[in-house]
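Notes follow the structure.
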Amino acid sequence: MRSIYLVARRDYLGYVQAWGFWLGLLLTPILMGVGMMAPTWAANSQPTRYYTVIEQGTEFADALRAELQEDRIALVRMTLDPVGVLNDEPSDKLRAFDDAIDAGSTVEAALEAAGGAQISLPQADFVAVAPPATDEDSIRPYLMGERLVETSEGPQPLFAAIFVPEDNGEIEYWSENVTSRTLLDQVRAAERKITERKVFEAAGVSPRILNEAEKQRRDITERRARPASSDSGSQVTMADRAPFIASVFMAFLLWFLIFSVVNYLLMGTIEERSNKIFDSLLTSVKLPHMLAGKLLAVLAVALTLMMVWAIGGSVIGAALSGQMPADIRESMFSVAGAVLKPSLLLPAILSFVLGYLMYGAVFLALGSLCDTIQEAQTLMTPLIVMLMVPMFMIVVAISDPESPILSVMSWIPVFTPFLLILRVPTHPPLWEVIGLLVLMVVAALVVLWLASRVYRAGAVHGAGVGDVGKWFSKMLPGKKGETG
Amino acid sequence: MSVHPLEMRSVTKRFGFFTAVRDLSLTVPQGSIVGFLGPNGAGKSTSLRMSLGVLSPDEGQVRLFGGAPDIDTLKRVGFLPEERGLYKKMSPRAIISYFARLKGMSASDSRKRADELLEVMGLGNFGRSRISKLSKGMAQKVQILSALAHRPDFLILDEPFSGLDPVNQQGLEDMIIEEHKRGATILFSTHVMEHAERLCDSIVMMARGRKVFDGTLDQAFGALGRAALIGVEDGYDLNAAISPKGFTENELAGDHWRVSLSAQYDAQDALRAAIEAGAPITSFRPEEARLRDVFVSLVSEAEAEDLEKTLATRKATEAA
Chain A
1 MRSIYLVARR DYLGYVQAWG FWLGLLLTPI LMGVGMMAPT WAANSQPTRY YTVIEQGTEF
61 ADALRAELQE DRIALVRMTL DPVGVLNDEP SDKLRAFDDA IDAGSTVEAA LEAAGGAQIS
121 LPQADFVAVA PPATDEDSIR PYLMGERLVE TSEGPQPLFA AIFVPEDNGE IEYWSENVTS
181 RTLLDQVRAA ERKITERKVF EAAGVSPRIL NEAEKQRRDI TERRARPASS DSGSQVTMAD
241 RAPFIASVFM AFLLWFLIFS VVNYLLMGTI EERSNKIFDS LLTSVKLPHM LAGKLLAVLA
301 VALTLMMVWA IGGSVIGAAL SGQMPADIRE SMFSVAGAVL KPSLLLPAIL SFVLGYLMYG
361 AVFLALGSLC DTIQEAQTLM TPLIVMLMVP MFMIVVAISD PESPILSVMS WIPVFTPFLL
421 ILRVPTHPPL WEVIGLLVLM VVAALVVLWL ASRVYRAGAV HGAGVGDVGK WFSKMLPGKK
481 GETG
Chain B
1 MSVHPLEMRS VTKRFGFFTA VRDLSLTVPQ GSIVGFLGPN GAGKSTSLRM SLGVLSPDEG
61 QVRLFGGAPD IDTLKRVGFL PEERGLYKKM SPRAIISYFA RLKGMSASDS RKRADELLEV
121 MGLGNFGRSR ISKLSKGMAQ KVQILSALAH RPDFLILDEP FSGLDPVNQQ GLEDMIIEEH
181 KRGATILFST HVMEHAERLC DSIVMMARGR KVFDGTLDQA FGALGRAALI GVEDGYDLNA
241 AISPKGFTEN ELAGDHWRVS LSAQYDAQDA LRAAIEAGAP ITSFRPEEAR LRDVFVSLVS
301 EAEAEDLEKT LATRKATEAA
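So the protein sequences, as listed, match chains A and B. For the first sequence, my numbering begins at 1 and goes up steadily by one. For the second sequence, my numbering begins at 1 and goes up steadily by one.
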């Protein structure tokens, strides 16, 4: 036991004293934050683009403006009351905003009516301007940036011009830019709406009736069947969704940790091999103790990362909780509560430990065969491809946690740790949960046994990447590998 | 009766079709300094790795302090592997302390011992530097120190002198003598004969995986045979002059004759015989046998034998 502790301690201190560890510790949350904020920043940083509609009247321009406004309306609704939007249970604030929009207010006015004046509304991506010319030849210099149109921001280039003929002829969308499709898509949507309206009108259905029909649409309340003895009613609340959100979060965390920390094992073992330390170590520590120490050290690194991030997240969360709307705070507590429930936490911890042992042992074994990172890369590629599969499965689980593909794939040992967590909230039969846990234990033991053999071959006999090729060629039918 | 630190009985190790060590038996007695000699590829490192249980023999038996080599017994052993290596980002003090603790020392004792050894070896100022900042020789000294920090009963050093300059080689010799005085048994491999001559009580010589000699230094020199080197004036046939007096194995080697001495004669007898025969003597000196000569002679013999065996096997195969 003492030698396991000593190996683990040395390796752990070696990892945490490296600048790469601190870089990962600090950069990971920053990069994740940047990743989450990037779409908003991209939307805000995009300059306003100006377009013009050349038509008789304003029918098409109005329809297009309404389409473009929908995105901003959705954004404001989400900012005003995210939980209400997600759960389709609008708060008073959201209702006031919706009513103002239905009454024909602009987004800015509706926001003010809903009492959301403190929310800074992102600028509109596309703004209509009066046509500077009415024919294609005259408008071309504006589109090419040779001439500018007058706007509230001063003279600006024209991004697009939409020609809508009086008859039922083709609508033409002119722009110098052919990569940005957003405005073009909105033009198509506007045209579809106008056409629909025209068809309804032709059939004797007026726009007023259509609006009325829209308003009379009944709400659909989602209810959950529970045992009659349950005292938590049939209303579907955040507490019902929390286990699913928590399981996806934990599966992703497991994937992320395995993906990021097992590299430490690989690098550490490559360093020991290239520095020729194995003989000194093997005459001081039993091989299983050495492997256990190494796995423990990296596990401790993972726990350190998690702990620092959790403490940092809690501190930031506590600091921001005062400004957080009560319903969001409740939802977060609800998800955190679901994470801490033993029915999810226990399989998650077991999955994490066994999954880590399985992948950790494989990376240790690979490291013992490689003198350089370049050599390791040739062996790692298939493993990384394999590790990407659970990531796709997490995406599947987000839309359908009971998908049969998750059930089937969870019985493939290399995916079990991730997929068991995802399946737990769907309440799979107990025998299946126990079966999957047993499968993980057996798979972890087999992998550890194989890995220790490979490690011994690499550390004691100096087997290398080339020998892996020979082993495979020996296994191929009709081929005999060389011996040496 | 105390058990020997190391006994190997008829040990053979093969790697595929290649036999690295063949039927090796040796004993390292308590308190001795044993030199393990042989050219590159003779099987020395494989034998040492088997003696420590890093490799398992295909045949035969290895006994370390009377038992199979295991991690508890290995705590009494200090090992310097042939392939040198340390954690480059650690400090010498931390490395010496780490290996000493793995061998059972307490944390505080191991650090004290590391400081003490580093001071003795003149590395006191580098105790907290990274290994990557040290010279190759310094790093090697640190590795040697980490092998003996826990005061082992038995030190196994695989080519300890390679990579060291003459001053540091002398320092290492002194250290080996000090460890021996402390009571440690020492087995070290080398192909530098002078170190073995100066340090060893007995030697084991290997060639092509086989043991070709095992005994004391005197026995080794005896195996080579003694001779007197007598110079005479040009054209004088010393062989004809002294053969009738019982010195029958004489050969001209450059400017002097090499007169082989059988057990009952020494070099002075050969000189006396030459004077009595009236030889015009120009120089005389007894031949100083060196371990190098013993080594070359034994290794060549073994290689010649191997060559003969190979040829015989090839002939037999062709005939079949």
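We put the CB at the ideal spot given by N, CA and C, even for glycine.
Item                                                                                                                 : Value
Candidates A/L282, A/Q56, A/F252: closest to A/F392 by CA position                                                   : A/F252
DSSP state of A/P90 mapped onto helix, strand, coil                                                                  : coil
Anticipated Cβ contact below 8 Å, B/I156 with B/L117, distance rounded                                               : Wrong, their Cβ atoms sit about 18 Å apart, outside the cutoff.
DSSP-derived helix/strand/coil call for A/T221                                                                       : coil
Nearest residue (CA-CA) to A/E172, options A/E191, A/P155, A/P157                                                    : A/E191
Members of the region 41-74 of chain B that neighbour chain A once the beta carbon cut-off is set at 9 Å             : R49, L52, G53, V54, L55, P69, D70, I71, L74
Exposed unless 16 or more other CB atoms sit within 10 angstroms - verdict on A/G484                                 : Residue confidence is low: A/G484 scores 31 on pLDDT, short of 50, so the model does not pin down where it sits. No coordinate-derived value is stated.
Start-to-end residues for the alpha helix (DSSP H) that takes in B/T46                                               : 44-51
Reduced DSSP category for A/F60 - H, G, I as helix; E, B as strand; rest coil                                        : helix
Straight-line Cα distance separating B/C200 from B/F295                                                              : 15 Å
Chain B within 8 Å of A/S403, Cβ atoms only                                                                          : no
Contact set between A/G14 and chain B, taken where Cβ atoms lie within less than 9 Å                                 : Y87, K89, M90
Near-chain B residues of the region 278-290 of chain A (beta-carbon distance less than 7 Å), N- to C-terminal order  : D279, S280, L282, T283, S284, V285, K286
Within-8 Å CB hit, B/N125 to chain A                                                                                 : no
Contact residues within the region 243-276 of chain A, judged by C-beta distance below 7 Å to chain B                : N275, K276
Within-8 Å CB hit, A/L6 to chain B                                                                                   : yes
Outcome for A/D137 when other beta-carbon atoms lying within 10 angstroms are tallied against a minimum of 16        : exposed
Residue burial classification, B/D218 (beta-carbon count within 10 angstroms, cutoff 16)                             : exposed
Straight-line Cα distance separating A/S452 from A/D81                                                               : 55 Å
Buried or exposed by the 16-neighbour rule on C-beta atoms within 10 Å, applied to A/M358                            : buried
Length of the line joining the Cα atoms of A/E482 and A/K341                                                         : Low confidence applies to A/E482: its pLDDT is 37, below 50, so where it sits in the model is not reliable, and the reading given next is rough at best. Near 55 Å, if we compare the C-alpha coordinates of A/K341 and A/E482.
A/Y485 versus A/K294 - alpha carbon distance                                                                         : Chain A is shown from 1 up to 484; residue 485 of chain A falls before or after that span and cannot be answered.
Limits of the alpha helix (DSSP H) - the one that B/S97 falls within                                                 : 92-102
Segment contact flag, the region 152-171 of chain B with the region 77-89 of chain B, C-beta cutoff 8 Å, min 3 pairs : yes
Proximal residues, the region 95-112 of chain B versus chain A, C-beta separation under 8 Å                          : Y98, F99, R101, L102, K103
Any C-beta of chain A under 8 Å from that of B/F188                                                                  : no
Candidates A/L430, A/W431, A/V395, A/V442, of which the one nearest A/L419 by Cα                                     : A/V395
Endpoints, alpha helix (DSSP H) assigned at A/L354                                                                   : 342-369
Proximity test, Cβ basis, 8 Å: A/S3 and chain B                                                                      : yes
Among B/D255, B/G60, B/R101, nearest to A/R9 - alpha-carbon criterion                                                : B/R101
Nonlocal neighbours in the same chain, by C-beta distance under 6 Å from A/T269, ignoring five residues either side  : L364, G367, S368
Alpha carbon of A/A300 to alpha carbon of A/F256, nearest angstrom                                                   : 15 Å
A/V149 and A/Y50 closer than 8 Å at C-beta                                                                           : yes
Three-way DSSP call (helix, strand, coil) for B/S297 in this model                                                   : helix
Interface residues of chain A facing B/E159 [CB-CB closer than 9 Å]                                                  : Per Cβ cutoff of 9 Å: no residues; B/E159 is ~13 Å from chain A at best.
Cutoff 7 Å; reference B/A273; Cβ partners in own chain excluding five residues on either side                        : I242, K245, F247
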